[in-house]
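Start counting the sequence shown at 50; every next residue gets the next number (our numbering).
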Amino acid sequence: MAAFPAGLRSRVVGRTAEEPNALHGRFREIQIWRRSHPVSDWRALDSESHGYPEDCPELIRCSPAVGLAGPQVEALKAWLANGK
50 MAAFPAGLRS RVVGRTAEEP NALHGRFREI QIWRRSHPVS DWRALDSESH GYPEDCPELI
110 RCSPAVGLAG PQVEALKAWL ANGK
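The structure is reproduced here in structure tokens:
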């Protein structure tokens, strides 16, 4: 979790394994993980948007070259500020 700013680390509840060859594999893996965890509202930070449905509002896409940067941090802050 060291990749996240200190203020966000305590709010990250986990990560999933990968299903790289499945249609929307990342999204499907998250749904499987959610069945075992009481998370009603979530966000995914990912550089691979093809792992999610096209209209996935929970996806915050990161640059594969940069990773977590200002725009993604701001998107997370806005989501957290809304009581999520």
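C-beta: ideal position from N, C-alpha, C; glycine also.
**OP:** Please list, in chain order, all residues of the same chain as residue 60 whose beta carbon is under 6 Å from its beta carbon, the five residues on each side excluded.
**Re:** For the purposes of this step, residue 60 is taken as the residue at position 11 of the sequence shown. No residues qualify anywhere along the chain.
Original post:
Taking buried to mean at least 16 other C-beta atoms within 10 Å of its own C-beta, is residue 93 buried or exposed?
Top reply: Counting from one through the sequence shown, the residue named residue 93 turns up at place 44. Here residue 93 is buried, its C-beta having at least 16 other C-beta atoms within 10 Å.
Original post:
Where does residue 83 land, buried or exposed, given buried means 16+ other C-beta within 10 angstroms?
Top reply: Taking the first residue of the sequence shown as 1, we reach residue 83 at position 34. A residue is called buried once 16 or more other Cβ atoms fall within 10 Å of its Cβ, and residue 83, having fewer, is exposed.
Original post:
Considering only residues of the same chain and omitting the five flanking positions on each side of residue 109, which have a CB-CB separation below 6 Å?
Top reply: For the purposes of this step, residue 109 is identified with residue 60 of the sequence shown, where counting begins at 1. For residue 109, where only same-chain residues beyond five positions count, the Cβ hits under 6 Å are 92, 94, 121 and 124.
Original post:
residue 81: buried (16+ other C-beta within 10 angstroms of its C-beta) or exposed?
Top reply: Taking the sequence shown and counting its residues from 1, the one referred to as residue 81 is at position 32. Exposed, because fewer than 16 other Cβ atoms sit within 10 Å of the Cβ of residue 81.
**OP:** On a CA-only basis, which of 76, 90 and 62 is nearest residue 131? Give me that one, please.
**Re:** For the purposes of this step, residue 131 is taken as residue 82 along the sequence shown, with counting starting at 1. The residue with the shortest Cα to Cα distance from residue 131 is 90.
Original post:
Which residue's Cα is closest to the Cα of residue 63: 70, 98 and 87?
Top reply: For the purposes of this step, residue 63 is taken as the residue at position 14 of the sequence shown. Among 70, 98 and 87, the Cα nearest to that of residue 63 is on 87.
Original post:
Between the beta-carbon of residue 102 and the beta-carbon of residue 73, is there less than 8 Å?
Top reply: Sequence index remark: in the sequence shown, residue 102 carries index 53 (1-based). Sequence index remark: in the sequence shown, residue 73 carries index 24 (1-based). Their beta carbons are under 8 Å apart, which means residue 102 touches residue 73 by this criterion.
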